[in-house]
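Numbering (the numbering used here), first residue to last: 1071 to 1574. Structure record follows, encoded as structure tokens.
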């Protein structure tokens, strides 16, 4: 007579426990991977333990089938208890796996860009720039609202996913006002910092957070050689020391500022000049200086000219300006329709940022305090108006009389071959509080970067959203409306009546 075992085998009794233990081992291995970003020896040990417990559970299940064949029928209650325990363990294992999968997805998630124009993907140029980063990079976005703009957050997250060296954070002016930098004026500001041993070694400020501006800043950080801007002196111009805010903003863009006088007989524009800045001259040029400046611009020169009302006529400066394709009248611009607080503070409307490459770095409208009436010659070539006044504007002469009628040019960009120039009708936009008005600072920096050629470090065209619409013919639209409003409800009613009739 065959002897029947009193107890099921050990692995049969502990099968549920082994299954539960394998789940815990798997969860521990997943947590280790999500924490360190790669599997560690401890993680491998946990994975091996999980597989061992899973193997023990499989063996226990195989023995359970054999034992069930010889166990007495009156002892099926114990078998049902074991099956119930196994079911509970299976549910617990499923829960553990779901928790682990969500943990991994939150810590090491992957995104797939299925949009037609790849609007959520970074360009190849950006990936190459990130690969060249010499040290960790911190991107800090300062904003005035409580919540960061979703588009900007998506862009920053894309950079963080593309490189382990990138760390991203956002700072709200309402939540953490103590962390705001001195250069923050209420407009969004993105600061890129290269760090080494916990210290900042290089820094760039970006006024408009898009891929081209941010990647251009990364290229500057990777190649931190400073460029030199020379401010013309000797004609009553505003000196760099008189505009510390502007000087600080230029330093943040990796520019070194120096003064230059062309009055000495042997004076010339240095070869290392990234651009020459003329800021609010009050005394006229000499004939020799006009020749030097004209020759400089004609031979791949870069010029930034910030104007202001002069105390006297400056005929040689006007001659130089006409050679660039523009002219200036006397007095200041008065615009009652398109102004900020006062008609003597005309505003340039940014509008479509694709009108000129310079505008990609401008984050708002620009105020031109004390603007002079600037106009472009009818036959001028290579000159593009960036900002203009309204058609109702006019100029006011120093004696208070009304001069010419607008519209006037507030700022213009000139490009002739390899030569570039930026002309602004107001120098006051870069002085003191003028620099902090709306988009003034971003316009000044974007303009200088364009003149120098730094905007050409990388060219990433914008990705306009593509709207895909389905055009439905009128007949099809009427059929769909009738089908959803009439046919489907009647069909549901018919099925309900049929089921009731069958079961009554």
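All C-beta atoms in this analysis are idealised placements derived from N, C-alpha and C, irrespective of residue type, glycine included. All values reported here derive from a predicted model rather than from experimental measurement.
Three-way DSSP call (helix, strand, coil) for residue i in this model
i, result
"residue 1332", "coil"
"residue 1360", "helix"
"residue 1478", "coil"
"residue 1349", "strand"
"residue 1326", "strand"
"residue 1290", "helix"
"residue 1237", "strand"
"residue 1307", "coil"
"residue 1427", "helix"
"residue 1400", "coil"
"residue 1275", "strand"
"residue 1144", "In this predicted model, residue 1144 has a pLDDT of only 49, less than 50, meaning its place in the structure is not dependable enough to derive any value."
"residue 1107", "Below a pLDDT of 50, predicted positions are generally treated as unreliable, and residue 1107, at 49, falls in that range; the measurement from the model is reported next regardless. Residue state, collapsed to three classes: coil."
"residue 1509", "coil"
"residue 1503", "helix"
"residue 1413", "strand"
"residue 1090", "helix"
"residue 1452", "coil"
"residue 1313", "coil"
"residue 1170", "helix"
"residue 1119", "helix"
"residue 1165", "helix"
Segment limits, beta strand (DSSP E) that includes residue i
i, result
"residue 1566", "No beta strand (DSSP E) holds residue 1566; the alpha helix (DSSP H) holding it covers 1558-1573."
"residue 1381", "From DSSP, residue 1381 is part of no beta strand (DSSP E); its letter is neither H nor E."
"residue 1392", "No beta strand (DSSP E) holds residue 1392; the alpha helix (DSSP H) holding it covers 1385-1394."
"residue 1210", "1207-1213"
"residue 1265", "1259-1266"
"residue 1445", "1444-1446"
Cβ neighbour criterion (16 or more within 10 Å) applied to residue i
i, result
"residue 1307", "buried"
"residue 1558", "exposed"
"residue 1282", "buried"
"residue 1134", "buried"
"residue 1312", "exposed"
"residue 1555", "exposed"
"residue 1290", "buried"
"residue 1564", "exposed"
"residue 1428", "buried"
"residue 1260", "buried"
"residue 1459", "buried"
"residue 1412", "exposed"
"residue 1464", "buried"
"residue 1501", "buried"
"residue 1285", "buried"
"residue 1539", "exposed"
Residue i and residue j closer than 8 Å at C-beta
i, j, result
"residue 1326", "residue 1296", "yes"
"residue 1576", "residue 1300", "One cannot answer for residue 1576 here, as it falls past the ends of the chain, which runs 1071 to 1574."
"residue 1209", "residue 1235", "no"
"residue 1329", "residue 1310", "yes"
"residue 1396", "residue 1445", "yes"
"residue 1088", "residue 1126", "yes"
"residue 1044", "residue 1510", "In the structure displayed, the chain extends from 1071 to 1574; residue 1044 sits before or after that span and is not available."
"residue 1498", "residue 1378", "yes"
"residue 1371", "residue 1402", "no"
"residue 1480", "residue 1438", "yes"
"residue 1169", "residue 1094", "no"
"residue 1322", "residue 1432", "no"
"residue 1482", "residue 1456", "yes"
"residue 1252", "residue 1212", "no"
"residue 1434", "residue 1420", "yes"
"residue 1493", "residue 1394", "yes"
"residue 1409", "residue 1417", "yes"
"residue 1364", "residue 1390", "yes"
Short CB-CB distance (under 8 Å) between residue i and chain D
i, result
"residue 1414", "Judged by its chain identifiers, the structure shown contains no chain D, having just a single protein chain."
Identity of the residues DSSP links to residue i by a beta bridge
i, result
"residue 1418", "1436"
"residue 1133", "Answer by DSSP bridge pairing: none, since residue 1133 is not bridged."
"residue 1520", "Bridge partners of residue 1520: none, in fact."
"residue 1372", "1490"
"residue 1457", "1481"
"residue 1549", "For residue 1549, which the question treats as bridged, DSSP gives no partner whatsoever."
"residue 1298", "1326 and 1343"
"residue 1242", "1213"
"residue 1269", "1266"
Alpha helix (DSSP H) segment containing residue i, residue limits
i, result
"residue 1462", "Segment: none, residue 1462 is in no alpha helix (DSSP H) and carries neither H nor E."
"residue 1195", "1194-1201"
"residue 1232", "1220-1232"
Contact test: residue i Cβ vs the ligand NAD heavy atom, cutoff 7 Å
i, result
"residue 1260", "As presented, the structure is devoid of all ligands, the ligand NAD included, so that no description of it is given."
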